[in-house]
Amino acid sequence: MEAKLNGEYTILVCQGTGCVSSKSDRITQALENHIKQSGLSKNVHVKLTGCHGFCQQGPIVIVEPEGIFYTQVKEEDVAEIVQSHIVDRKYVERLFYHNPVTDEVIPLYKDIPFYSRQHRLILRNCGHINPEQIDDYLATGGYAALKKAISEMEHTQIIEEINRSGLRGRGGAGFPTGKKWDEAHKAKEQPKYVVCNADEGDPGAFMDRSVLEADPHSVIEGMAIAGYAIGTSEGYIYVRAEYPLAVKRLRIAIAQAKERKLLGKNIMGSGFNFDIEIMQGAGAFVCGEGSALMYSIEGKRGMPRVRPPRSVAAGLWGKPTSLNNVKTYASVPLIINRGADWYRSIGTEGSKGTAVFALTGKIANSGLIEVPMGATLREVVFDIGGGVQEGKKFKAVQTGGPSGGCLPESALDLTIDFESLTKAGSMMGSGGMVVMDTDTCMVDLARFFLNFCCNESCGKCVPCREGLPLMIDIMHKITRGEGDLHDIDHLLDLGETVTKSALCGLGTTAPNPVLSSIRYFRDEWEAHVIDKKCPALVCKALINFYVLPDKCAGCGICLRACPVEAISGGKRLVHVIDQEKCIKCATCLEKCPERFSAIAKVTGEQIAVPKEPVPIGTP
Amino acid sequence: MSTDLRKQMRELLDPLQGHKVILIPALQAVQEKFGYLPEAAMEEIGRVAGVSPNVVYGVASFYAQFRTTPVGKKHVTVCQGTACHVRGAARILEAIERALDIKAGETTPDLGYSLETVACIGACALAPTLRVNEDTHGKLTTNDIEKLFSKIARQEETSDS
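Chains as they are written, first to last, in the working numbering: chain A, 1 to 619; chain B, 1 to 161.
In structure tokens, the structure reads:
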């Protein structure tokens, strides 16, 4: 393939956390060195960007103007990209995206189904601009909305516009943003605060982190507009300390915005002051809850309190506070620029705009995606996500993080919006979406989520502190094969009690994964308690490993690899696993050469094997 | 408290004076410097923040980020997030516990390695993942674990000699 003759090239290198983990920072360095050495610095520019979202294929390198999308680039590939693509004008075809589903090879970014089926509003700049250069953001029309808000709009007009747009909180609860701003604006007490919730604690979720890393100015601009609308000059961003890159880029962005008079005193000469302080969370999931988050900013233990009063009346330091999620703020400049009517035209009747999901688990295309509200789960999982990995069968999709629910295949045609997911026993949540195949045990997974919430429980209210451990005990019993049918009823009972009586959102939603799992996968629960089987072959107490006598070649690999010396055997002898000693770590299964495939993993059955090692071929 | 520690503490805490929010940023600064929270440092933080040492300890013990014991030279964090869990993170953790001969939350007696689990490091597309100090390793299998740690041990030997 011949490239067009073109003088100027820009090479975009993704520097989101995913790609940096795969050493993309070294690629940037190597590219810069190579270009310098080849004397191309004048016409070829290297630009770092935030997350492209397609983390599975990282590190990602895009060459403009053609929009060629190179995947899984290594430091060693840099010389070839510079020489072949730039100098010889021949694309490096071996680095093109290879669609695992259709086997197609796709050279252009815009043609890749993962991207072409998305509708990227919140992620509009992610992967396209350098998050560490404010000029990049300004070139996309950045801060025009803030200017418009300050110079052309009244406080109430802004709130009315947000209200009319139908924007709802992207943190998960879906509270109407305009209504929240209105209440904060009307509150009499001073000072007031604008707070951004970037305490993205859900395991398996990285939406907020990616937005902060890739487009921090969109969040800062949204917060400044909120500050102007409700009438305050003080903003806080509460961001996880586990996100060092997001913190770094936020710091740079705030400093640059101040230099340009887009933040700080007398913004754009208007007399409006607004400043933002970054507060790093210290690793407590419960701090995603509004009142806990505010206590944490104040330097206290992050324990939720009884509401009302809501935080718009008495929030940070007891003052009126408007708390919104990262993605909510990132949506605000778009609405001010393009108008509420435009925003209303996207989405469903009750849920306007788009939803961002971190699509992970057993899915072909892992990454960050954005779709209009009203898209179906099937479209997300199969059209964008490419379906389940390696030809396995889809089993469930989990939305809403550890407090969400597991939905089965029959729910795949549900539309994605706040109401329909809640009705189905899950929830929108902040945007985690984990796909499971038939190798995932739904009982084990429910226990995993409940364990997470139990560990993160602050311990203030009894239902959460005492109820969740009781539920976990029952689930341990079930996964050990010691449960009966009453235990399932008991779980449903306890779960409902906790849901109705816990103090905060963490507690009231913690039983969701268990309740939805029993609702949709009761067969699998019954297999554990009645047949003492784990159909997905996960629960250790219910599975066994055997060496198959007719397949074992007596090579000794499993014997040497077994960490607990549970395998006996010898040269040309059929090996035997001591079931008493076996810890079910599956090392033997992984180490046994594929040509023999002599290890069997079974549940609820015993395979007849010799008690002692016997010569191969013994009948 | 030794004069040396007092001097170090002053350097860490002076920039925070006058801020509305002191306690948690101070704990974070101290932990970043020392790798954990020494008791004497927590007392000093309490003095600066104007609260009693048990309030400082109460806050420190609430948050997962803070430790009151030192970490190893190589600090290993194993992700136990959802994406990692469904891709076998539990077995990765077991393999590491066997390779290092310590359990999660422990440090080897020679202070060479410490091991902890985290709820999510946010590199879900690379699941299952772990981090050794600042380096992230992804798409792991139990077979990779042994190789990874013997490679780290070799690197350590070369850098020591």
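Note that the Cβ used here is the ideal one computed from N, Cα and C, for glycine as well.
- Straight-line gap, M268/A to E277/A (C-alpha atoms, nearest Å): Numbered from 1 along the first sequence, position 268 holds the residue referred to as residue 268/A. Numbered from 1 along the first sequence, position 277 holds the residue referred to as residue 277/A. Using only the alpha carbons, I get a separation of about 20 Å.
- Could you tell me which residues DSSP pairs with E370/A in its beta bridges? In the first sequence, residue 370/A corresponds to position 370, counting from 1. E370/A is bridged to V356/A.
- Item | Beta-carbon gap between L27/B and F66/B smaller than 7 Å | The residue given as residue 27/B occupies position 27 in the second sequence. The residue given as residue 66/B occupies position 66 in the second sequence. For L27/B and F66/B, yes; Cβs fall inside 7 Å.
- Check whether the Cβ atoms of A446/A and V514/A sit closer than 7 Å, and answer yes or no. The residue given as residue 446/A occupies position 446 in the first sequence. The residue given as residue 514/A occupies position 514 in the first sequence. Contact: yes.
- When the Cα of Q606/A is compared with those of V443/A, I577/A, E590/A, C592/A, which residue comes out closest? As a position in the first sequence, residue 606/A is number 606, starting the count at 1. Selected option, being the one with the closest Cα: I577/A.
- Task: Starting from Y97/A, follow its DSSP beta bridges and name the residues at the other end.
- Result: Looking up residue 97/A in the first sequence gives position 97. BP columns for Y97/A point to I106/A.
- Quick one: give me the first and last residue of the beta strand (DSSP E) that L115/B is part of. Numbered from 1 along the second sequence, position 115 holds the residue referred to as residue 115/B. That run of the beta strand (DSSP E) goes 113 to 118.
- Query: In three-state terms, what does DSSP make of E64/A?
  - Reply: Counting from 1 along the first sequence, the entry for residue 64/A is found at position 64. Note: E64/A maps to strand in three-state DSSP.
- Cβ contact check for the segment 177 to 189 of chain A and the segment 301 to 313 of chain A: 3 or more pairs under 8 Å: yes
- Return the residues of the segment 97 to 131 of chain B that lie within a Cβ-Cβ distance of less than 8 Å from chain A, sorted by chain order. R98, V118, A119, C120, I121, G122, A123, C124, A125, L126, A127, T129
- Query: Considering only residues of the same chain and omitting the five flanking positions on each side of P549/A, which have a CB-CB separation below 7 Å?
  - Reply: Within the first sequence, residue 549/A is the residue found at index 549, counting from 1. Excluding sequence neighbours, P549/A sits near V574, V609, P610.
- Task: Could you spell out the range, first to last residue, of the alpha helix (DSSP H) harbouring Y329/A?
- Result: Counting from 1 along the first sequence, the entry for residue 329/A is found at position 329. From DSSP, the alpha helix (DSSP H) with Y329/A extends over 326 to 338.
- Task: Go ahead and label V564/A buried or exposed: buried means 16 or more other beta carbons lie within 10 angstroms of its beta carbon, across all protein chains shown.
- Result: Position 564 of the first sequence holds residue 564/A. So V564/A counts as exposed.
- Message: Using a 10 Å radius around the Cβ and a threshold of 16 neighbouring Cβ atoms, would you call E2/A buried or exposed?
- Response: Reading the first sequence from its first residue, position 2 is the one you call residue 2/A. Residue placement at E2/A is poorly supported in this model, since its pLDDT is 36, which falls under 50; the coordinates are not used for a value here.
- Message: According to DSSP, S568/A sits in a beta bridge with which residue or residues?
- Response: The residue given as residue 568/A occupies position 568 in the first sequence. Beta-bridge pairing links S568/A to V576/A.
- Item | E157/B classed as buried or exposed, judged by whether at least 16 other C-beta atoms fall within 10 angstroms | To locate residue 157/B, count along the second sequence from 1; it is residue 157. Result: exposed.
- Item | chain B contact for S366/A (CB, 7 Å cutoff) | Along the first sequence, read from residue 1 onward, the residue named residue 366/A stands at position 366. Cβ-Cβ to chain B under 7 Å: yes for S366/A.
- Item | Spatial distance of K4/A from H137/B (CA atoms) | Looking up residue 4/A in the first sequence gives position 4. Looking up residue 137/B in the second sequence gives position 137. With a pLDDT of only 40 at K4/A, under 50, the local geometry of the prediction cannot be trusted, and the value read off the model is given with reservation. Each residue's alpha carbon lies about 38 Å from the other.
- Alpha carbon to alpha carbon, how far is I158/A from A144/A? Taking the first sequence and counting its residues from 1, the one referred to as residue 158/A is at position 158. Taking the first sequence and counting its residues from 1, the one referred to as residue 144/A is at position 144. Cα-Cα distance, rounded: 14 Å.
- So with Cβ pairs under 7 Å, would you call T3/B a contact of chain A? Sequence index remark: in the second sequence, residue 3/B carries index 3 (1-based). False, the Cβ-Cβ gap to chain A never drops below 7 Å.
- Task: Would you list the one or two residues that DSSP bridges to N273/A?
- Result: Counting from 1 along the first sequence, the entry for residue 273/A is found at position 273. The partner list for N273/A (beta bridge, DSSP) is empty, contrary to what the question assumes.
- Hey, P613/A and G556/A: beta-carbon distance below 7 Å or not? Here residue 613/A refers to the residue found at position 613 when the first sequence is read from its first residue. Here residue 556/A refers to the residue found at position 556 when the first sequence is read from its first residue. No, Cβ-Cβ distance for P613/A and G556/A is not below 7 Å.
- Counting only beta-carbon atoms, is P333/A nearer than 7 Å to chain B? To locate residue 333/A, count along the first sequence from 1; it is residue 333. So no, P333/A is outside the interface.
- Task: Would you give the residue range spanned by the beta strand (DSSP E) that G433/A belongs to?
- Result: Against the first sequence, residue 433/A aligns to sequence position 433. According to the sequence displayed, residue 433/A carries Met and not Gly. Start and end: 432 to 437.
- Task: Can you pull the chain A residues whose beta carbon is under 9 Å from the beta carbon of N54/B, in chain order?
- Result: Against the second sequence, residue 54/B aligns to sequence position 54. Per Cβ cutoff of 9 Å: no residues; N54/B is ~12 Å from chain A at best.
- Can you grab the Cα-Cα spacing for the pair E11/B / A123/B, in whole Å? What you label residue 11/B is simply residue 11 of the second sequence in a count that begins at 1. What you label residue 123/B is simply residue 123 of the second sequence in a count that begins at 1. For E11/B and A123/B, the distance between alpha carbons rounds to 34 Å.
- With 16 as the cutoff for other CB atoms within 10 Å, does T328/A come out buried or exposed? As a working mapping, residue 328/A is identified with position 328 in the first sequence. Buried.
- When burial is assigned at 16 or more other CB atoms within 10 Å of the CB, is A139/A buried or exposed? Translated into the one-based positions of the first sequence, residue 139/A becomes position 139. Result: exposed.
- Query: Taking a cut of 7 Å between CB atoms, which residues from the segment 55 to 82 of chain B lie near chain A?
  - Reply: G58, V59, F62, Y63, A64, Q65, F66, G81, T82
- Task: Take every Cβ of the segment 36 to 43 of chain B, pair it with every Cβ of the segment 68 to 76 of chain B, and state whether three or more of those distances are shorter than 8 Å.
- Result: yes
- Query: Mind checking G127/A: buried by the 16 CB within 10 Å criterion, or exposed?
  - Reply: Stepping through the first sequence from its first residue, residue 127/A is reached at position 127. With 16 or more Cβ atoms within 10 Å of its Cβ, G127/A is classed as buried.
- Task: Measure the C-alpha to C-alpha separation of V498/A and T508/A and round it to an integer number of angstroms.
- Result: The residue labelled residue 498/A in the question sits at position 498 within the first sequence. The residue labelled residue 508/A in the question sits at position 508 within the first sequence. Using only the alpha carbons, I get a separation of about 6 Å.
- Y143/A, enclosing alpha helix (DSSP H) - first and last residue: For this step, residue 143/A is matched to residue 143 along the first sequence. Element bounds for Y143/A: n/a, residue is neither H nor E.
- Could you check how far apart the C-beta atoms of S331/A and L121/A are, in whole angstroms? I think they sit under 8 Å. Here residue 331/A is taken as the residue at index 331 of the first sequence, counted from 1. Here residue 121/A is taken as the residue at index 121 of the first sequence, counted from 1. About 7 Å separates the two Cβ atoms, so the contact holds.
- G429/A and P333/A: beta carbons closer than 7 Å? Position 429 of the first sequence holds residue 429/A. Position 333 of the first sequence holds residue 333/A. The answer is no: Cβ separation not under 7 Å.
- Select from T618/A, V286/A, I478/A the residue whose C-alpha is nearest the C-alpha of E526/A. Within the first sequence, residue 526/A is the residue found at index 526, counting from 1. Of the candidates T618/A, V286/A, I478/A, the one whose C-alpha sits nearest the C-alpha of E526/A is I478/A.
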